[in-house]
Structures are given as C-alpha cells and as structure tokens.
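Asks: Position in the sequence shown (from 1) plus 5 gives the number in UniProt numbering.
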Amino acid sequence: APGLYIVATPIGNLGDITLRAVETLRGVSAIACEDTRVTGKLLHHLGIKQRLVRYDDHASEETREYLLRLAGEGPLALVSDAGTPLISDPGFKLVRMARERGIAVTSLPGASAAIMAITLSGIPSDRFLFAGFLPSKDKARRDALAELASVPATLVFYETSPRLTDALAAIDDVLPGREVAVARELTKKFEECRSGTAQDLIAHYTAHPPKGEIALVIAPPLPAEPEDHDIDAMLREALAGAKAS
Ligand code: SAM
6 APGLYIVATP
16 IGNLGDITLR
26 AVETLRGVSA
36 IACEDTRVTG
46 KLLHHLGIKQ
56 RLVRYDDHAS
66 EETREYLLRL
76 AGEGPLALVS
86 DAGTPLISDP
96 GFKLVRMARE
106 RGIAVTSLPG
116 ASAAIMAITL
126 SGIPSDRFLF
136 AGFLPSKDKA
146 RRDALAELAS
156 VPATLVFYET
166 SPRLTDALAA
176 IDDVLPGREV
186 AVARELTKKF
196 EECRSGTAQD
206 LIAHYTAHPP
216 KGEIALVIAP
226 PLPAEPEDHD
236 IDAMLREALA
246 GAKAS
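#1: Comparing the CB of E218 with every heavy atom of the ligand SAM, is any distance shorter than 6 Å?
#2: Just verifying my parser: in three-state terms, what is the DSSP assignment at E66?
#3: For a test of the three-state rule: what should DSSP assign to I11, helix, strand or coil?
#4: Please report how far the alpha carbon of R199 lies from the alpha carbon of E164, in whole angstroms.
#5: Just how far apart, CA to CA, sit R183 and T23?
#6: Hey, would you say V161 sits closer than 7 Å to F195, going by beta carbons?
#7: Is Y163 near the ligand SAM, with its Cβ less than 6 Å from a heavy atom?
#8: Could you tell me whether the Cβ atoms of P90 and L81 are closer together than 7 Å?
#9: Among I207, S65 and A116, which has the Cα closest to the Cα of A174?
#10: Is it buried or exposed for R146, if we count other Cβ within 10 angstroms and need 16 for buried?
#11: Measuring straight from C-alpha to C-alpha, what distance separates R69 and V110?
#12: Thinking P129 and T159 are a contact (beta carbons under 8 Å), I'd like their distance in whole angstroms, please.
#13: Ends of the alpha helix (DSSP H) at F97?
#14: Beta-carbon within less than 7 Å of V27's beta-carbon, same chain only, minus the 5 sequence neighbours each way: which residues are those?
#15: Starting from the Cα of T29, find the closest Cα among P225, S65 and A6 and give me that residue.
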C-alpha cells in the first residue's frame with residue numbers, strides 16, 4: 006500500500022535485519038537512503054534490487070516533494086546507513102510533512118545503538134534521556150553536560166572513538182563520580198561494554214585507544230544523602246515532642 010515505511014537496518018551484524026524489513030525493502034517502489042553506496046551494499050547482501058534516492062534533512066524541498074509524491078503513489082521506504090532512521094539520523098522533516106499531508110506513515114522497528122547500549126550497561130534503564138551526539142568542542146560539550154546534570158535519569162549519548170577520552174574528561178569534571186558505560190562496536194566482532202568511573206575509563210582508553218563506534222551511558226545523579234546531623238536533630242525534636250505530650 007502507498008505510504009512511508011521507516012525501516013530500521015542493522016548497526017553492524019547483518020543478521021539483525023528483521024524478516025519484515027527484508028519483505029518491505031523488497032516490495033517498495035523506492036528506498037530513500039542517506040548514502041546510496043551503504044544501502045546498496047545492504048541490498049546486495051539481501052539479494053534485493055531497488056531504486057535508491059539519496060535523502061537527508063538538508064535535502065532540497067524539491068527532493069522532499071518528490072519523495073512525498075512517491076509515498077503517495079506507492080510504498081516508499083526510508084532507511085539510514087545503520088540503525089533506526091530519525092535517531093541521530095535523517096527523516097524527521099520527511100515524516101512530519103508526510104503526516105501533515107495525510108500520507109500513511111509506519112515504522113518497522115529494529116536495531117538502535119542507544120537502546121542496545123542501555124540494555125547492556127547495567128545502569129538503570131527505567132528512565133533515560135537520549136541526547137544524541139555530544140558537541141565536539143570542549144566548551145559546548147561541558148555546557149551540554151551541565152545542562153543535563155540535574156536530570157534524574159540515565160543519560161545516553163553517541164560519541165566517536167577519537168573523541169572518547171575528551172568526552173570522558175568532561176564527564177569526570179561536570180558529572181563527577183557517576184558510573185559510565187562505554188558501549189563499543191555493538192553487534193560486531195569486537196563488541197564491548199566497559200563500565201566504571203570516567204577516571205577508570207580514561208585510564209583504560211588512554212592505554213588502549215578505542216576504535217569503532219561508541220554509545221555512552223551515564224548513571225543518574227545519586228539522590229542527595231540526608232546529612233547525619235539533620236536526622237539527629239529530627240529525632241531529638243520528635244522525642245521532645247513525645248515527652249511533652
Ligand atoms: N540511527 C542510528 C541508531 O539507531 O543507532 C544511529 C546513527 S548515528 C549517525 C551513528 C552513531 O551511533 C555512531 O557514531 C555511534 O555513536 C552510534 N552507533 C552506531 N552503531 C553503533 C555500534 N554498532 N556500536 C556502538 N555505537 C554505535
């Protein structure tokens with residue numbers, strides 16, 4: 006049926022493509038993708054031939070109009086290079102416009118590095134805030150962390166390996182003492198999820214410079230400990246009250 010089909014693709018291990026994703030990519034009339042070479046390789050692996058149209062959110066209005074026309078006439082898939090489209094990837098503008106125009110939109114769920122990192126990290130998963138890529142400049146990175154410092158939830162970021170130790174140094178300064186997990190090369194041969202304090206991780210990754218793709222998970226702020234003398238004072242008050250009555 007016509008409409009926009011948001012299709013998640015693997016984040017490394019090609020076995021993570023879903024049956025429904027394969028069927029859909031085979032059946033659509035065209036696929037909008039970030040990089041035709043990257044998607045071309047995935048399709049080749051799956052034995053699928055398809056019309057590919059390059060798309061990102063900086064694409065011209067004309068490209069978007071063209072894609073929406075395709076989606077109105079037949080099924081159009083949207084994929085990104087890896088993982089779930091729109092999650093630190095293009096697609097938001099296209100989905101928004103499709104919805105505004107009453108074009109059917111559906112999403113085929115699948116891999117996403119942020120979700121996988123949370124599930125692996127051993128850091129509380131009940132509440133999290135995904136904040137995409139940390140800025141690459143140090144001041145902006147520290148400001149971004151400071152803005153989130155008091156959020157009572159696990160924080161999740163995407164990072165690149167050359168910037169990892171700088172990001173950890175900023176985390177150590179701005180969010181001191183929190184547990185951090187570095188989830189690296191997820192679903193791939195050298196997958197690892199290493200956790201500790203930012204200082205532990207800086208020591209490790211300075212000795213073993215990391216390669217590949219990284220998601221960072223940071224534990225929520227510890228609840229402020231009530232100070233001892235406050236408890237003593239409260240007890241004395243309560244006891245005094247009990248005697249008086
Ligand atoms: N849309 C993708 C998703 O759903 O995961 C994310 C796209 S974003 C442009 C790419 C970033 O995601 C990488 O720089 C890295 O931070 C993270 N990432 C992607 N694949 C990963 C993997 N296999 N292991 C760890 N992080 C990964």
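For each residue, glycine too, the CB sits at the ideal point set by N, CA and C. Note that the structure is a prediction, hence the values are computed from the model and not measured.
Replies: For this structure:
#1: The residue given as residue 218 occupies position 213 in the sequence shown. For the ligand SAM, at least one heavy atom lies less than 6 Å from the Cβ of E218.
#2: Translated into positions along the sequence shown, residue 66 becomes position 61. When secondary structure is reduced to three states using DSSP, E66 falls in the helix class.
#3: Translated into positions along the sequence shown, residue 11 becomes position 6. Correct three-state label for I11: strand.
#4: In the sequence shown, the residue the question calls residue 199 occupies position 194. In the sequence shown, the residue the question calls residue 164 occupies position 159. A direct Cα-Cα distance of roughly 15 Å separates R199 from E164.
#5: The residue labelled residue 183 in the question sits at position 178 within the sequence shown. The residue labelled residue 23 in the question sits at position 18 within the sequence shown. Distance between the alpha carbons of R183 and T23 is about 36 Å.
#6: Numbered from 1 along the sequence shown, position 156 holds the residue referred to as residue 161. Numbered from 1 along the sequence shown, position 190 holds the residue referred to as residue 195. Taking 7 Å as the Cβ cut-off, V161 and F195 do not qualify as a contacting pair.
#7: Looking up residue 163 in the sequence shown gives position 158. At least one heavy atom of the ligand SAM is found less than 6 Å from the C-beta of Y163.
#8: The residue labelled residue 90 in the question sits at position 85 within the sequence shown. The residue labelled residue 81 in the question sits at position 76 within the sequence shown. Taking 7 Å as the Cβ cut-off, P90 and L81 do not qualify as a contacting pair.
#9: The count along the sequence shown starts at 1 and reaches residue 174 at position 169. The residue with the shortest Cα to Cα distance from A174 is I207.
#10: In the sequence shown, the residue the question calls residue 146 occupies position 141. The residue in question, R146, is buried, as its Cβ has 16 or more Cβ neighbours within 10 Å.
#11: Stepping through the sequence shown from its first residue, residue 69 is reached at position 64. Stepping through the sequence shown from its first residue, residue 110 is reached at position 105. Each residue's alpha carbon lies about 15 Å from the other.
#12: Here residue 129 refers to the residue found at position 124 of the sequence shown. Here residue 159 refers to the residue found at position 154 of the sequence shown. Contact holds; Cβ gap of about 6 Å.
#13: On the sequence shown, residue 97 is found 92 positions in, with the first residue counted as 1. Its alpha helix (DSSP H) spans residues F97 to E105.
#14: Within the sequence shown, numbered from 1, the residue matching residue 27 stands at position 22. Taken in chain order, the residues that qualify are L51.
#15: In the sequence shown, the residue the question calls residue 29 occupies position 24. In terms of Cα proximity to T29, the closest of P225, S65 and A6 is A6.
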